[in-house]
Structure formats: structure tokens, C-alpha cells
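Here the structure is laid out as C-alpha cells; the discussion comes afterwards.
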Amino acid sequence: WLILLGVLLSHLVLTLASITPAVYETDEYIRLQPELSIHTSKLTTRTILAYITPWNPHGMSMVDQFAEKLDLVSPVWYTVLVSRDSVSSGRDNATYVLSGGPPSKKEESWLKDKQKPGSRLKFVPRFYLD
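FYI, in mature numbering (1 follows the signal peptide of the UniProt record, and there is no 0) the residues of the sequence shown are -17 to -1, 1 to 113.
Given below as C-alpha cells:
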């Protein structure tokens, strides 16, 4: 039995070693993925989280376009800073300051519109610790 087991294991190892995983360039991988569509329903029962970042100017329009497929939206608009007084005095107990929020009136108006009663979307802010 041991000889047979050894032969089977060596065959399995050789078979696994000969399988080369597919490697795609980013553009090719994206091209191979199914096209996103606002006309298809949400394909999973899992919670879907989307981030809106200041460096992506299309974030809000993407949330508008795919709102039916999203559950949570997390705007990356807030920063938690250590107070300069806490750092300079060398105290063990630091004081923290929250800064940020919607960067402009446009984002603020968009956020209020999305938070109206009856909206499926829930907003969960992301805090950057600096």
C-alpha cells in the first residue's frame, strides 16, 4: 500500500506542478470581466460597500448609477487628528480633533438627497487616523 500511495502522491505532485495559473495584464483582466450594467439585478445577497474618495471625481455618479446594487456607502471625507497641544506637551492622554466632512456644497447636497426617508442606502463614514 505504501508503494501505491507513494506513486499516487508523486503523480499528484507532478500534475499540480505542471498546472500553470493564468496570468493576465490588468487591461486584459478588466476586458474579460462581464460588463457592469445598471439593468441587471444585484447578483449576491451579501452586503456591498462602496467608497467615495476625494481623488475619484466619478464616485458620486457611480453610486447614483449603481444605487440598487449597493447597501453601504462610505465617504472618505473625515480625518481624526491628534491635537498639536497634546503632542507638544508630551502628555500621555492625547486629545483628538475630528476634521473634514463633505468637501463642498455639491457633496453636502448629494449626501442629504441620498439620506432622504425611503432610501435603501446606508452611509457609514470612514475616518482616516492621522
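Here a beta-carbon is modelled for each residue, glycine too, at the ideal position from N, C-alpha and C. Keep in mind that this is a model prediction, so the values were computed, not measured.
Residue range 88 to 97 is occupied by the alpha helix (DSSP H) that includes residue 94. Excluding sequence positions up to five before and after residue 66, its CB lies within less than 6 Å of the CB of 78 and 80, all in the same chain and listed in chain order. In this structure, the CA atom of residue 86 is about 13 Å from the CA atom of residue 42. For residue 42, the enclosing alpha helix (DSSP H) has its first and last residue at 42 to 48. At a Cβ-Cβ threshold of 9 Å, residue 54 and residue 31 count as neighbours.
Cβ neighbours of residue 109 within its own chain (closer than 6 Å, five residues either side excluded): 57 and 59. Distance between residue 76 and residue 63, taken at the CA atoms: about 15 Å. Looking at the backbone, the Cα of residue -8 and that of residue 14 are separated by about 38 Å. DSSP lists 58 as the beta-bridge partner residues of residue 35. The criterion of a C-beta distance shorter than 9 Å is satisfied by residue 25 and residue 51.
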